[in-house]
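Going down the list, the protein sequences come from chains D and X.
Just so you know, we're using our numbering here: the first sequence kicks off at 1 and counts up by one.
Just so you know, we're using our numbering here: the second sequence kicks off at 1001 and counts up by one.
Before any comments, here is the structure.
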Amino acid sequence: MAHAFILNGDEHELWLSHERGGYRLHVNALQLPVKLLPRGDDLHELIVHDDSHRVFIAQRGDEVHVHLDGETHSLRYVHSLSRFAGENKDEGEAVARAPMPGAVIAVSVEAGQQVQRGQPLMVIESMKMETTISAACDGTVQALHVSVGQTFDRDAVLVTLDRNGTA
Amino acid sequence: MNRIESTLNTRSADFLANRAHNQALAAALRQQQEAVRHQRPERDMQRLARQNKMFVRERLQQLLDPGTPFLELSTLAANMDYDGEVPGAGVVTGIGIVSGREVMVNASDASVKGGAWYPLSVKKIVRATDIAVENRLPMVHLCDSAGGFLPLQADLFADRHYAGRIFRNQSMLSKMGVPQVAIVLGHCTAGGAYVPALSDYSVIVRGNGAIFLGGPPLVKAATGEEVSADELGGCDVHTRLSGTADYPASNEHEAIAIARDVVAQWQRPQKARVQWQEPEAPYYDPAELYGIVPRDIKVQFDMREVIARMVDGSRFHEYQPAYAPTLLCGFAHLWGYKVGILANNGVLFNESAQKGTHFIELCNQNRTPLIFLQNITGFMVGRDYERRGITKDGAKMIMAVAGSEVPKFTVVCNGSFGAGNYGMSGRAFDPRFLFMWPQSQISVMGAEQAANVLAEVKLRQLARNGEQLSAEQIAAIRDPVLQDYRRQSSALYSTSRLWDDGILDPVDTRNALGIALSASLNQPIAPPSYGVFRI
Chain D
1 MAHAFILNGD EHELWLSHER GGYRLHVNAL QLPVKLLPRG DDLHELIVHD
51 DSHRVFIAQR GDEVHVHLDG ETHSLRYVHS LSRFAGENKD EGEAVARAPM
101 PGAVIAVSVE AGQQVQRGQP LMVIESMKME TTISAACDGT VQALHVSVGQ
151 TFDRDAVLVT LDRNGTA
Chain X
1001 MNRIESTLNT RSADFLANRA HNQALAAALR QQQEAVRHQR PERDMQRLAR
1051 QNKMFVRERL QQLLDPGTPF LELSTLAANM DYDGEVPGAG VVTGIGIVSG
1101 REVMVNASDA SVKGGAWYPL SVKKIVRATD IAVENRLPMV HLCDSAGGFL
1151 PLQADLFADR HYAGRIFRNQ SMLSKMGVPQ VAIVLGHCTA GGAYVPALSD
1201 YSVIVRGNGA IFLGGPPLVK AATGEEVSAD ELGGCDVHTR LSGTADYPAS
1251 NEHEAIAIAR DVVAQWQRPQ KARVQWQEPE APYYDPAELY GIVPRDIKVQ
1301 FDMREVIARM VDGSRFHEYQ PAYAPTLLCG FAHLWGYKVG ILANNGVLFN
1351 ESAQKGTHFI ELCNQNRTPL IFLQNITGFM VGRDYERRGI TKDGAKMIMA
1401 VAGSEVPKFT VVCNGSFGAG NYGMSGRAFD PRFLFMWPQS QISVMGAEQA
1451 ANVLAEVKLR QLARNGEQLS AEQIAAIRDP VLQDYRRQSS ALYSTSRLWD
1501 DGILDPVDTR NALGIALSAS LNQPIAPPSY GVFRI
């Protein structure tokens, strides 16, 4: 499974393998012997086959800015884990369930309200702890299954979100 | 270390005829492998596409690090069984690189009968797990199997090395601290359910992946309960409720990405320390191997010519060059690794067996892995040789081979007949890997010898009754035996039944042995120890 980079909005699959005295860059069916030699600060010497290029490279997180032949290119590395993570998670995320038996002490949303991922939905009390139940995804509150003061069992459905209801 | 001086005449008629013969065999091998790997009935491929499943070859391509070698094992398993309808026995196994680590891969091929386990599929998976245990290789299982092939269950269920052995070996790997990850890409039913359950890590694909002891039809028959595969043992059931699987994945690509990330967390192994130096290509062209091995198995050839086209710089330090010349012994480097080589240059005599025994002890003493290059018709027979103890000398060699602690690798280059197979580390002696060359033959004796022995027995029976056989009648006894023998002693038959780890194109032998050597060094090498040598 190759690494993926986004360059100008297009996805490219690349891989770097070891070879004697350097590296080999795999681009589709093409294999190029490459070397990248630091030349102080952000300046590097890039050698592809036997051609030498002067490049400036600046990295911030997964963004890499490359200045080559008078032009600046911005590359973004996309880890396979996030690249292939499904858009369509299971219903589980749209349903907030009780992690343990307890009682509701506060409700902070109402049905029909739009919520964002991470937004508090309600606070429950159980085992001498107050726990905030938050939205696991963006959506619209479809139903509140419990109200303040009500008790519930473990795994009881507390709030159902409609993920298609996102404006 | 001196370079071997090749005396091969690459322009001789013999060389050219041998080359044409062996190249044709290698081309046929590649064509057969290509068919096993890629040719499937259209409807089976359409079924996979409909189910939103990748073909096993695409899955492997995603799993393995790009541009790294994959030593696929037993590519032609089952080629002469089940009417040739179960390519590769429906399983792909081999050693590859995942996230920079050497692993053994066991991948179901759902395009073949839904990935059902035939007896030879089980044998192939058991062999892969045996290799993992012997060489401390972590494993990646790509699970997508309909379960045991029920019409043949008697040949795959109950015996010691049948399906249960897969789960036993998985448990042993875990006990040894060798990690495994299973990716559940389809159904894992009945015994197959234990493959992910016994793996230290498991990933399951939402929708297609399912694990259950009894599938929906069996549950309906047993208790009347109607339940869908997903409700019974799908991704959410096992990652949220039962804890049978560890990581949920929304598609095959994500599942493989997660498994690669799991493998990336594993500790890199400490390799056993053996002599190693910078590798060097053979001085002589390995492609000349095609012209060395004779087109007629009865014709003798010099194994030095083979060694010269396999080892680093074609250099070979020959041990006892003047003594017992029918067994070559000596040191060389292969992909940089120091190895001891034993190779047949004729029949094994008393002194050849003694020389071999001594050399095996030397290699165990100085921790040098052993390579056996077989072209052996057997130990010498006859009154003189028995009186000089050919049987006990052979027993010495077998004792040394069996007791060897250094890793052993066997390549059947041509003939492998009789007890010579044992002395030269045949399958029963647990070489870490055993490969065959395409034209090689393996049997208790040669086809013609066996046919003659049987005809001779029949003639004597008849002679006692005063009867005689005509030439045609003798041929009628000999010919069917000869044909059966030829078929059953062929490399294709051997590899169909997994008597070996695969047929190699001779020019690939150096690379295959390099990967095998590297894999074997995950296992520490114990100090030498043997049974009682009959002196």
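Idealized CB from N, CA, C, for every residue including glycine.
Note that the C-beta distance between Asp-1393(X) and Ala-1353(X) is below 7 Å. According to the DSSP secondary-structure assignment, Thr-72(D) is paired through a beta bridge with His-67(D). For Pro-38(D), the secondary structure class from DSSP, reduced to helix, strand or coil, is strand.
Residues of the region 1061-1090 of chain X with a C-beta atom less than 9 Å from some C-beta of chain D are Gln-1061, Gln-1062, Leu-1063, Leu-1064, Asp-1065, Pro-1066, Gly-1067 and Thr-1068, listed in chain order. With the criterion set as a beta carbon lying under 9 Å from some beta carbon of chain X, the region 48-63 of chain D has no members that meet it.
The straight-line gap separating the alpha-carbon atoms of Tyr-1247(X) and Val-157(D) is approximately 23 Å. In terms of Cβ geometry, Asn-1345(X) and Met-1303(X) form a close pair [threshold 7 Å].
Taking 7 Å as the threshold, the shortest C-beta distance from Ala-1264(X) to chain D does not fall below it. Ser-108(D) places its beta carbon 7 Å or farther from that of Gly-118(D). Straight-line measurement puts the Cα of Gly-70(D) at about 19 Å from the Cα of Leu-37(D). For a Cβ distance threshold of 8 Å, nothing in chain X lies close to His-12(D): the least Cβ distance comes to about 13 Å. Its chain contains Leu-1120 and Ser-1496 as the residues whose beta carbon lies nearer than 7 Å to that of Asp-1081(X), once the 5 sequence neighbours on both sides are disregarded; these appear in chain order. Not flagged as an interface residue toward chain D: Asn-1208(X), since no C-beta distance is shorter than 7 Å. Closest option to Leu-1152(X), judged by alpha-carbon separation, among Ala-1163(X), Glu-1351(X) and Arg-1011(X): Ala-1163(X). Where Leu-1373(X) is concerned, there is no enclosing alpha helix (DSSP H), although the beta strand (DSSP E) around it starts and stops at 1370-1376.
For Ser-134(D), the nearest beta carbon of chain X is not closer than 7 Å to its own beta carbon. In summary, Arg-1160(X) is exposed, with fewer than 16 beta-carbon neighbours lying within 10 Å of its beta-carbon over all protein chains present. The beta carbon of Ser-17(D) lies closer than 6 Å to those of Arg-24 in the same chain, with the five residues before and after it left out. Using a Cβ-Cβ cut-off of 7 Å, Arg-1260(X) counts as an interface residue toward chain D, since at least one Cβ of chain D sits closer than that to its own. Beta-bridge partners of Phe-1417(X) (DSSP): Ser-1443(X). Neighbourhood of Asn-1251(X) in chain D, by CB distance below 7 Å: Phe-84 and Gly-86, in chain order. Judged by beta-carbon spacing, Cys-1329(X) lies beyond the 7 Å limit of Asn-1375(X), meaning their Cβ atoms are not closer than that value. The Cβ atoms of Ala-1132(X) and Leu-1173(X) lie closer than 7 Å to each other. When DSSP states are grouped into helix, strand and coil, Gln-1180(X) belongs to the strand group. If you compare the alpha carbons of Gly-9(D), Thr-131(D), Glu-19(D) and Arg-20(D) with that of Val-78(D), the shortest gap goes to Gly-9(D). Within the same chain, Phe-5, Ile-6, Asp-62 and Glu-63 come within 7 Å of Arg-76(D) by CB-CB distance, once the 5 residues on both sides are set aside. DSSP places Pro-1196(X) in no beta strand (DSSP E) but in the uninterrupted alpha helix (DSSP H) bounded by 1194-1197. In this structure, the alpha-carbon of Arg-54(D) lies about 31 Å from that of Ser-1099(X).
Taking Ala-1028(X) as the centre and dropping the five residues before and after it, the same chain places no C-beta closer than 7 Å to its C-beta.
The continuous alpha helix (DSSP H) containing Glu-1058(X) extends over residues 1056-1063.
Segment contact: the region 1496-1510 of chain X against the region 1423-1437 of chain X, three or more CB-CB distances shorter than 8 Å; contact assigned. If you ignore the 5 residues before and after Ala-1110(X), its C-beta comes within less than 6 Å of the C-beta of Asp-1144 and Gly-1186, all in its own chain and listed in chain order. At a cut-off of 7 Å between beta-carbon atoms, His-26(D) makes contact with chain X. At a cut-off of 7 Å between C-beta atoms, Ala-1229(X) does not count as an interface residue with respect to chain D.
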